[in-house]
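A short worksheet on the structure shown next.
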Amino acid sequence: MFTTKKKDFQTFLILALSTLFCKFTNLIIRIYLVKQAGNELLGSYMMILPIIGLFLAISQAGIPHAFMTLISKHKQNTISILKTCLFLIIIQSFFCILLIYFFRQSMQYLKLILPYVILCNLSALVRSYHVARNKAIIPALSNILEECIRMTFLM
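All the letters of the sequence shown, read from the start, carry residue numbers 1119 to 1273 under this note's numbering.
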């Protein structure tokens, strides 16, 4: 029992430190954007950010968390659970793509987030799988890598 608590604490510590790093780099990115981008571009970015969050919430709908819970409880049916969750995520992603297509006239930037929605959903499933398997270093490293890539492209 003690080793389980120790492993849980290590998992928590790894994920907490990677989250702190990601939040810090996100702060640096926003400061850089404020200094480099004009008011119109920054306003567009801040207007689209909540919409991206909304579409991600609609397309994921708690599936990665449910996937993580099912994988940690039922270790033998991993492939069938993965296929089902992947199917649900793809269906919901296409639903969001249809919503984006419907609203594309009002916001020209919405079509740019189509690949982002699909990739974030797949990434959430992969991260949930590794967290359920108590391999917290893989999602932590992927979060850090994602932030570094974002910084590289924006700078």
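No residue lacks a Cβ here, since even glycine has one placed at the ideal position from N, Cα and C.
- Excluding its 5 nearest sequence neighbours in each direction, L1243 has C-beta neighbours in its own chain below 7 Å: P1182, F1185, C1203, L1204, I1207, listed in chain order.
- Taking C1214 as the centre and dropping the five residues before and after it, the same chain places the C-beta of F1173, I1176, S1177, V1235 closer than 6 Å to its C-beta, in chain order.
- Taking 4 residues as the minimum length, the alpha helix (DSSP H) runs contained wholly in the region 1154–1219 are 1157–1178, 1181–1191, in order along the chain.
- In this structure, I1189 and A1254 do not form a Cβ contact; the two beta carbons are roughly 14 Å apart against a cut-off of 8 Å.
- A residue is called buried once 16 or more other Cβ atoms fall within 10 Å of its Cβ, and C1266, having fewer, is exposed.
- The beta-carbon distance between I1169 and R1268, rounded to whole angstroms, is 18 Å. This is too long to meet the 8 Å contact definition.
- Nearest to Q1210 by C-alpha distance, out of L1237, D1126, E1158, is L1237.
- For A1254, the three-state secondary structure derived from DSSP is coil.
- Note on geometry: alpha-carbon atoms of F1142 and A1134 lie some 12 Å from one another.
- F1139 sits close to I1262, with the two beta carbons spaced by under 8 Å.
- A direct Cα-to-Cα measurement between Y1163 and Y1219 gives close to 19 Å.
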